[in-house]
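Undergrad: Here it is: the structure, laid out below.
There are 2 protein chains.
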Amino acid sequence: MDKKYVYFFGEGKADGSKDMKDLLGGKGAGLAEMTNLGIPVPPGFTITTEACIYYYKNGRYPDGLEEEIENNLSRLEKVMKKGFGDVENPLLVSVRSGAKISMPGMMDTVLNLGLNEETLVGLAKNAGSERFAFDAYRRFIQMFSNIVLGMEHSDFEKEMEKLKEEKMVNLDIELTAEDLKELVGRFKQLVKQKREIDFPTSPKEQLKMAIDAVFNSWNNPRAVAYRELNNIPHDLGTAVNVQAMVFGNMGSDSGTGVAFTRDPATGENRFYGEYLINAQGEDVVAGIRTPLPLERLNQEMPEVYSDLVTVYKRLETHYRDMLDLEFTFEKGRLFLLQTRSGKRTAQAAVKIAVDMVKEGLITKEEAIKRIDPHSIDQLLHPQIDPKACITVIAKGLPASPGASCGQVVFTAPDACRWVEEGKQVILVRLETSPEDISGMDAAQGILTARGGMTSHAAVVARGMGKCCVVGCEEITVDEERKMFTVKDKVIREGDFITLDGSSGNVILGQVKTIPPELKGEFSELLSWADEIRRLGIRANADTPRDAERARKFGAEGIGLCRTEHMFFEEERLPIMQQMILAKEEKERREALNKLLPMQKEDFREIFKAMDGLPVTIRLLDPPLHEFLPKHEELAVEIATLRATSGDEKRISELSHLLDKVEALKEMNPMLGFRGCRLGVVYPEISEMQIRAIFRAAIEVTQEGFKVIPEIMIPVLGLATEVRLLKDLITQVAKEEMERSGVYLNYSVGVMIELPRACVTADEIAHYAEFFSFGTNDLTQTTFGFSRDDIEGKFLQKYIEKGVLDNNPFAVLDRRGVGDLVRIGVERGRKTRPDLKIGICGEHGGEPSSIEFCHQVGLDYVSCSPFRVPIARLAAAHAKLKFPKNKDMVDECLVID
Amino acid sequence: MDKKYVYFFGEGKADGSKDMKDLLGGKGAGLAEMTNLGIPVPPGFTITTEACIYYYKNGRYPDGLEEEIENNLSRLEKVMKKGFGDVENPLLVSVRSGAKISMPGMMDTVLNLGLNEETLVGLAKNAGSERFAFDAYRRFIQMFSNIVLGMEHSDFEKEMEKLKEEKMVNLDIELTAEDLKELVGRFKQLVKQKREIDFPTSPKEQLKMAIDAVFNSWNNPRAVAYRELNNIPHDLGTAVNVQAMVFGNMGSDSGTGVAFTRDPATGENRFYGEYLINAQGEDVVAGIRTPLPLERLNQEMPEVYSDLVTVYKRLETHYRDMLDLEFTFEKGRLFLLQTRSGKRTAQAAVKIAVDMVKEGLITKEEAIKRIDPHSIDQLLHPQIDPKACITVIAKGLPASPGASCGQVVFTAPDACRWVEEGKQVILVRLETSPEDISGMDAAQGILTARGGMTSHAAVVARGMGKCCVVGCEEITVDEERKMFTVKDKVIREGDFITLDGSSGNVILGQVKTIPPELKGEFSELLSWADEIRRLGIRANADTPRDAERARKFGAEGIGLCRTEHMFFEEERLPIMQQMILAKEEKERREALNKLLPMQKEDFREIFKAMDGLPVTIRLLDPPLHEFLPKHEELAVEIATLRATSGDEKRISELSHLLDKVEALKEMNPMLGFRGCRLGVVYPEISEMQIRAIFRAAIEVTQEGFKVIPEIMIPVLGLATEVRLLKDLITQVAKEEMERSGVYLNYSVGVMIELPRACVTADEIAHYAEFFSFGTNDLTQTTFGFSRDDIEGKFLQKYIEKGVLDNNPFAVLDRRGVGDLVRIGVERGRKTRPDLKIGICGEHGGEPSSIEFCHQVGLDYVSCSPFRVPIARLAAAHAKLKFPKNKDMVDECLVID
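Chains as they are written, first to last, in our numbering: chain A, 23 to 918; chain B, 23 to 918.
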């Protein structure tokens, strides 16, 4: 049998169904399904995507297509009891494109096709209105010329305006049949003039041209670009829907409208929509007349409304989803023109899914699957009020979502001072460094000119759940003169700006924001996710406040508590510097002894906040020079002093400091003297931290809290590093526990963030009781990418050129980094089958990466507190997609 | 049967043999073997290492040991026809330690044991000299007290000097029997005074004490430290040799000496040694009397000499090696006291091995196995004359071997200028950068205060085969004032120093050096190695001169020709900078067009030098900012100008340059915008290089040379990077070949230097025709170690603390980096079974790493020209040790 290229629908029966979206497109499948359900749909037929693909490959229709169109057209004529081109009783049709995925740039709709000077007469007679017929004709010419002939819509609008002026009327509706007839003539003249053709009169020619236009629009530049951008394959093709016209503009008992089966903004279970009386679809879109709410229809035309309600209920029950409907009623008779899954806000999506479970429409698993974990990010941060009118002055990378507004300041101390004075500020920096932490904490939001999605500012801001826009290269920051410029605008200290961390927009002035809500349905959905997921969810939290927030969001422990931020606090930094500048161990220990009680206090509060849950504390990680002034700044200061005052004493002091900074200076600090290397060379530093942890844990235990400390060793590549530090931990733990008589269950583990740690995981697991993959650094070393350097530089180019699909610091690179993770997991568990394994890089809060973590058999993920709900949901998604306990990614299995 | 703890030797038959070194130690096994060969050896017995180990574990002798010693002593008495402690005919013995591996710090030798006031009389009578007997006794007391009782040797010397003063004599020999008797009394008094014991008189007690002392010396701190340092297991234990005394000091027909069966310095096949008449062994060591050459013995005592010749020939033939002998003749009768493999210079080792093959003593394979590849390094560079008297003022890392002397200069331009003026210079820098290349090339040697074994200075110097000492942190370099200080010394520009790149010594003044010789035997040995090895050997060479040198040393091609050095030349750097500062592609291309002919010339000469051999050319590797002035230097210059002159124009110029430097600045340049990333983002840069390669290759082919170009893409982590650049290469190659009509065989490959490239090697091999492992960078990313930063900082500490066994930049880390190499090889060959794979990191010239490369199945190694001979030999060693084609390291197989 020959391939079938055309699918008919009409008279309660369709060749297709809702499951044939690939072949019939979304629109065609919906029309077929509705027809089969007995819902009133104007009959018609769908030309398949395969026909389109054939056309595109071969430059002509496949054999038999024309005949099939002919046959289906005849069938349509029979069903409609009208003739295509029949002067007495003309059949008019609409032609619409309909790909599987809807796509801007595709040809949209041509209505009233089949009209010409002759059929016009029949239409007028049947409708009982000559004016209606001419209005339909001028609309057809306008649409056809625009969409099929590629002419400008505005040219026709101008012509119509001119006529209205001549006739001295204001509204289209005031034009008479005669006026419209005149207009039709002028439109045809316009076509002749601009396109050098007579406007086609043969309905069949019109149809052929419209079908070709749909096919061709598949490859117009805008559609191609859209597919490129959204990774939609180019060989899907589009279907073409040819459907008998019904008219919403046949008088006051006709109309057209759109509706959602539930509120798309809130998710509330109420029928929601708008309509226009005596109008065709385009009038709604054009926005000239204000549509009425559907409630009015209930009053005005209760029968039509009641039919519509019956239809929407039938459809929603059938599709088990919130739907978007297009309808028309012609002389009181209802027709559905389209149905599809309705677009909704994240908030609505959650409410609808939960409600539908309660209504028995869908299962909990289906409800979970329907919520894209990425989307719920917007439920957790304040948002720019979508109704607000805004002036976007620049756009950076959307580093940490939410919206915030405040007065611009340019230094961290300024931020703190202004906030103390009761102001709200946005901290604007070239880039941030750990010294800026307190200022970042004080500010409402952070804007940097440099850095990428995992730059210091971005990571810290996400950890704080604070709105942040980074890498905004359009702005030129002059920190010295406390101003930044963008194009011709100058923004000075104290000026108000608003940041949108979800879009990266930098907005002038103060904009209203909407606070985040964690609604009951959201919490309920997440509790279902918790029942399903296998992965544990922890949070990265460095402060008691973060810890509390994480717990509130459902974290089951802290997976990463960084200890270095604690040393940047104002009173501690000088002691830290004293420790670093110490010439010998004794002096170093003196400084450390001063830090010990402070560090202990930090841990006490975190342990209390996490009562009963495990807390993984990482020993000092960054290189020591991060705690000292910058080399270049010192060098410049000295040079300036030398050239001017000659204050020899000060020069000598600074030179001495410079010498130490010089000695600690590193070409590649990321690969330098940091992490456990510090503790191996200066065990007294680690010892202080370990002692602080145990003293805090013991004290808090004595106060009645349950503490589960887990000590994590960072940046290791050699099993002996772990052995040495574990010995130290064991010794200090023993001392502190014996001294107090309080014995704690604690464990010692490692952060796996270097390729060597992955491949030697079997050796490391002899000493480590848990692994936590630090995939930020692991991505850096596996790719040889410095995240500080590449994100602002060539990463974007790499994505544009298709070298990378994603930023690997945002989405875990399964093939490379993931394979090393897999090796680490397998080898680690070979030595210690019950090894607990997690991840605490940025990827721990990213859905696709969480899926990988599930597949590769990790025990938990840890992410910033604000991403905990996302991670809970994503973990449930992963489990639903890969239900087996360990369901390794294919490429990994193939390779080894 | 009980365990045997004591092995007898004597009367032409021994319980042991040369193969029992583990049990009897080196000395005991040698004595047993010589006895079995019928060579005159004073009889005796060896207490096994097992007895020592038991003693150490249990704090007492094993059961039966005392009895065995007793029995063997009786047997010795019988053989010697003397009695231990017999007053008439006393047996005296020597007691010596003898571990499997000789070790400083171990107890050495006690002679004349068995003497006391009574046996002394018998000895005097038998020797016919009372003076001899007293002399023997005072020597015994001195040695025993020093070695067994732990007293200071010098205390006894002082006593003797005092006596000589009292007796008003100058020489020991002038002391009479009576004087010596007096001395014995004083010695005993000294022991009583210092150790509060009477000097032991019972021979058996003396023997027991001496044996215990040997056992205990196994664990004295010096011996333990030595074993730690040299990775000798602590549980080997030492044997104890108890042997009947023979006396070289029994008059003018007695004597003692040492000999080598061949010349240990040159390897010449001549009997070589020294002796002293009327002396005991210690007299030779003490160096008080000047020994005579053995030729004299031939004249003085031809029979003894002839016996010695017979013995040495017998032994050398038996051991098939050059031997070191200790002998004594007592009243004209020859005894051998020890034999072992003789220490020799590298030069001698090579000559002896080759000669022995020709003499039919050993096979070629044995000859090769006997030459440690590490040792031949010293045959390839000038050496400090070992006879020279030197003043070492500082010690750095021995970065590139050889010795050189010259006048100190502190900048590269100074180096060039002074050399032009006909001077020889040593370039002293804080650290070097690519801009210093010309100065390094001009200098005789390079000294830096910073940097490790793979710092810029070290790598470049080794490539140039130039003497280099780096990381000499004792010196303080003041480049501005053109001086450096070390301790209290100041060395200024123009002062002479000498560097020893093999030891790291910095020597004051001019020291004589010995030029390198590549002798006939050496070349012959290497040709045998070539017959055996499976690995190909290539060289890393960036200049025609390097290429020629590499070829001379036996390289079979160039495995790495770096192209970046070419852009640092004086006339090119400004054009390079113009290219980098270009605002758009057009401007960039203009600069590149100027560089193209220059780059082409570079390649022409290299291709000609390597006529008929493959040349692997790597595309531009370093980040672009390396070609610009340093950020800090500019910032300081601007600050100085601002503070003084206010030359606004200059400030503005510099500020503009600073902006660009700022834009290109990287936190971690090692992980930044470099390697193929440059070519992906700016294809025009790669295009210029590729065009230069093909134009050069085509021209040189037209001139009749055979060119085999291999283009290598650096620093890649993604298969798409390779695809994009390979497409570019293919296109340019096609253009150039079609234009000229000359068609070349060329190949395109990659440098595998990132972990991601290893794990995705299967994808990469779709495009790459060869892999070359860049293990310098791979070590950096696998360990997360920046070689620039860690070598001067914590690496040394890591080795001291046993965290690392070696510097992983010198010796390839098999377990971590090696495992990634293995994964890369396996996955690469899975896609492309005939994939050619090499290594071009520093490890390519390091013997243990070469062994790994052989095991893991690489096709070739590439190293600096001066290491090519080492690599040839090491590759043969590897093949002899692992003869199967692919003989994977065990741990790798176990893991996956």
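For each residue, glycine too, the CB sits at the ideal point set by N, CA and C.
It should be emphasised that the depicted structure is a prediction, and the values quoted were computed from it without experimental measurement.
Measure the C-alpha to C-alpha separation of A:A375 and A:L171 and round it to an integer number of angstroms.
TA: Here the question's residue 375 of chain A lines up with position 353 in the first sequence. Here the question's residue 171 of chain A lines up with position 149 in the first sequence. One C-alpha to the other measures close to 44 angstroms.
Undergrad: Would you tell me roughly how many angstroms separate the C-alpha atoms of B:V63 and B:S397, rounded to the nearest one?
TA: Numbered from its first residue, the second sequence carries residue 63 of chain B at position 41. Numbered from its first residue, the second sequence carries residue 397 of chain B at position 375. B:V63 and B:S397: Cα-Cα distance of roughly 34 angstroms.
Undergrad: Given a threshold of 16 other Cβ atoms within 10 Å of its Cβ, counted over all protein chains shown, does B:A585 qualify as buried or as exposed?
TA: If you number the second sequence from 1, residue 585 of chain B lands on position 563. Reading off the sequence, residue 585 of chain B comes out as Thr, not Ala. B:T585 should be labelled buried.
Undergrad: Using a C-beta to C-beta distance shorter than 7 angstroms, which residues of chain A count as neighbours of B:S808?
TA: Within the second sequence, the letter at position 786 stands for residue 808 of chain B. E688, M689, N690, L693, G694, listed in chain order.
Undergrad: Is the CB of B:L650 under 8 angstroms away from at least one CB in chain A?
TA: Residue numbering aside, residue 650 of chain B sits at position 628 when the second sequence is read from its first letter. No, B:L650 lies away from the interface with chain A (no Cβ there is under 8 angstroms from its Cβ).
Undergrad: Quick check on the DSSP output: what are the complete beta strand (DSSP E) runs of length 3 or more inside the region 630-678 of chain B, in order along the chain?
TA: Here the runs fully enclosed are 636-640.
Undergrad: Rounded to the nearest angstrom, how far is the Cβ of B:G461 from that of B:T507, given a contact under 8 angstroms?
TA: Residue 461 of chain B sits at position 439 when you count from the first residue of the second sequence. Residue 507 of chain B sits at position 485 when you count from the first residue of the second sequence. With 8 angstroms as the limit, B:G461 and B:T507 do not qualify as a contact, their Cβ atoms being about 22 angstroms apart.
Undergrad: Below 8 angstroms between beta carbons is the criterion; list the residues of the region 732-753 of chain B that meet it against any residue of chain A, in chain order.
TA: Against chain A - using a Cβ distance shorter than 8 angstroms - the residues of the region 732-753 of chain B are V737, G739, L740, T742, E743, L746.
Undergrad: Hey, quick one: how far does the beta strand (DSSP E) through B:K511 stretch, first residue to last?
TA: Reading the second sequence from its first residue, position 489 is the one you call residue 511 of chain B. Residues 511-514.
Undergrad: Hey, how far is the Cα of B:L298 from the Cα of B:L314?
TA: Residue mapping note: residue 298 of chain B aligns to position 276 of the second sequence, counting from 1. Residue mapping note: residue 314 of chain B aligns to position 292 of the second sequence, counting from 1. The straight-line gap from Cα to Cα measures roughly 6 angstroms.
Undergrad: State the start and end residues of the unbroken beta strand (DSSP E) segment that holds A:F351.
TA: For the purposes of this step, residue 351 of chain A is taken as the residue at position 329 of the first sequence. Taken as a continuous stretch (DSSP letters only), the beta strand (DSSP E) holding A:F351 covers 345-352.
Undergrad: Can B:I861 and B:T801 be called in contact, C-beta distance under 8 angstroms?
TA: For the purposes of this step, residue 861 of chain B is identified with residue 839 of the second sequence, where counting begins at 1. For the purposes of this step, residue 801 of chain B is identified with residue 779 of the second sequence, where counting begins at 1. Their beta carbons are not under 8 angstroms apart, which means B:I861 does not touch B:T801 by this criterion.
Undergrad: Between B:E501 and chain A, is any beta-carbon pair separated by less than 8 angstroms?
TA: Locating residue 501 of chain B in the second sequence gives position 479, counting from the first residue. For B:E501, the answer is no, since every Cβ of chain A falls outside 8 angstroms of its Cβ.
Undergrad: What residues in the region 489-516 of chain B bring their beta carbon closer than 8 angstroms to a beta carbon of chain A?
TA: Listed by position along the chain: nothing, the set is empty.
Undergrad: Against chain A, does B:I917 count as a neighbour if the rule is that its beta carbon must be under 8 angstroms from one of theirs?
TA: One-based indexing of the second sequence puts residue 917 of chain B at position 895. The predicted position of B:I917 is uncertain, since its pLDDT is 39 and thus under 50; a value taken from the coordinates is nonetheless stated next. Yes, B:I917 lies at the interface with chain A (some Cβ there is under 8 angstroms from its Cβ).
Undergrad: Which of the three DSSP states is assigned to A:D749 in this structure?
TA: Mapped onto the first sequence, residue 749 of chain A falls at position 727. Reduced to three states, the DSSP call for A:D749 is helix.
Undergrad: Compare the C-beta of B:V658 with all C-beta atoms of chain A and state if any pair is closer than 8 angstroms.
TA: For the purposes of this step, residue 658 of chain B is identified with residue 636 of the second sequence, where counting begins at 1. True, the Cβ-Cβ gap to chain A drops below 8 angstroms.
Undergrad: Find the nearest neighbour of A:G66 within the set A:T361, A:V262, A:E612, judged by alpha-carbon distance.
TA: Residue numbering aside, residue 66 of chain A sits at position 44 when the first sequence is read from its first letter. Measuring from the Cα of A:G66, the nearest candidate turns out to be A:V262.
Undergrad: Using a Cβ-Cβ cut-off of less than 9 angstroms, list which residues of the region 856-880 of chain B approach chain A; keep chain order.
TA: Answer set for the region 856-880 of chain B: empty.
Undergrad: Going by beta-carbon coordinates alone, are B:A425 and B:A465 separated by less than 8 angstroms?
TA: Residue mapping note: residue 425 of chain B aligns to position 403 of the second sequence, counting from 1. Residue mapping note: residue 465 of chain B aligns to position 443 of the second sequence, counting from 1. No.
Undergrad: Within a Cβ cutoff of 7 angstroms, which residues of the same chain sit near A:L618, ignoring the five residues on either side of it in sequence?
TA: For the purposes of this step, residue 618 of chain A is taken as residue 596 along the first sequence, with counting starting at 1. Cβ neighbours of A:L618 beyond the five flanking positions: M710, R713, A714.
Undergrad: Tell me which residues share the same chain as A:I751 and place their Cβ nearer than 6 angstroms to its Cβ, disregarding the 5 neighbours each side in the sequence.
TA: Here residue 751 of chain A refers to the residue found at position 729 of the first sequence. I712, I733, V770.
Undergrad: Give the DSSP bridge partners of A:D500, in chain order.
TA: On the first sequence, residue 500 of chain A is found 478 positions in, with the first residue counted as 1. A:D500 is bridged to A:M505.
Undergrad: Determine the extent of the beta strand (DSSP E) in which A:E732 is found, giving its start and end residues.
TA: On the first sequence, position 710 is the one that residue 732 of chain A refers to. A:E732 -> beta strand (DSSP E) spans 730-735.
Undergrad: Is it the case that the Cβ atoms of A:E688 and A:P456 are separated by a distance below 8 angstroms?
TA: Within the first sequence, numbered from 1, the residue matching residue 688 of chain A stands at position 666. Within the first sequence, numbered from 1, the residue matching residue 456 of chain A stands at position 434. Cβ atoms of A:E688 and A:P456: not closer than 8 angstroms.
Undergrad: I'd like to know if B:K230 contacts chain A, where contact means its C-beta is closer than 8 angstroms to some C-beta of that chain.
TA: One-based indexing of the second sequence puts residue 230 of chain B at position 208. No, B:K230 lies away from the interface with chain A (no Cβ there is under 8 angstroms from its Cβ).
Undergrad: Judging by CA-CA distance, which residue of A:E227, A:H478, A:A471 is the nearest neighbour of A:T498?
TA: Numbered from 1 along the first sequence, position 476 holds the residue referred to as residue 498 of chain A. Nearest of A:E227, A:H478, A:A471 to A:T498, Cα basis: A:A471.
Undergrad: Please classify A:N192 as buried or exposed, where buried requires at least 16 neighbouring CB atoms within 10 angstroms.
TA: Numbered from its first residue, the first sequence carries residue 192 of chain A at position 170. With fewer than 16 other Cβ atoms within 10 Å, it is exposed.
Undergrad: For a contact defined as C-beta to C-beta under 7 angstroms, what are the partners of B:P777 on chain A?
TA: Taking the first residue of the second sequence as position 1, residue 777 of chain B is located at position 755. Correct list: P777, T803, T804, L842.
Undergrad: Does any residue of chain B have a CB that is nearer than 8 angstroms to the CB of A:H788?
TA: As a working mapping, residue 788 of chain A is identified with position 766 in the first sequence. Not one chain B Cβ lies under 8 angstroms of A:H788.
Undergrad: Under a CB-based cut-off of 8 angstroms, is B:L826 close to chain A?
TA: Translated into positions along the second sequence, residue 826 of chain B becomes position 804. Answer yes: the Cβ-Cβ gap between B:L826 and chain A drops below 8 angstroms somewhere.
Undergrad: Residues in its own chain within less than 8 angstroms of B:I254 by CB, not counting five upstream and five downstream?
TA: Reading the second sequence from its first residue, position 232 is the one you call residue 254 of chain B. Taken in chain order, the residues that qualify are I123, M125, Y248.
Undergrad: With a Cβ-Cβ cutoff of 8 angstroms, do A:C698 and A:L738 count as a contact?
TA: Taking the first residue of the first sequence as position 1, residue 698 of chain A is located at position 676. Taking the first residue of the first sequence as position 1, residue 738 of chain A is located at position 716. Against a cut-off of 8 angstroms, the Cβ pair of A:L738 and A:C698 comes out as a contact.
Undergrad: Count the other CB atoms, across all protein chains shown, that sit within 10 Å of the CB of B:D343; report buried if there are 16 or more and exposed otherwise.
TA: In the second sequence, the residue the question calls residue 343 of chain B occupies position 321. With 16 or more Cβ atoms within 10 Å of its Cβ, B:D343 is classed as buried.
Undergrad: On a Cα-Cα basis, can you pick out the residue from B:R894, B:Q877, B:G289 that is closest to B:S884?
TA: To locate residue 884 of chain B, count along the second sequence from 1; it is residue 862. Per the Cα distances, B:R894.
Undergrad: Figure out for me which residue from B:D130, B:F831, B:G879, B:A896 has the closest Cα to the Cα of B:H865.
TA: Residue numbering aside, residue 865 of chain B sits at position 843 when the second sequence is read from its first letter. Cα-wise, what sits closest to B:H865 is B:F831.
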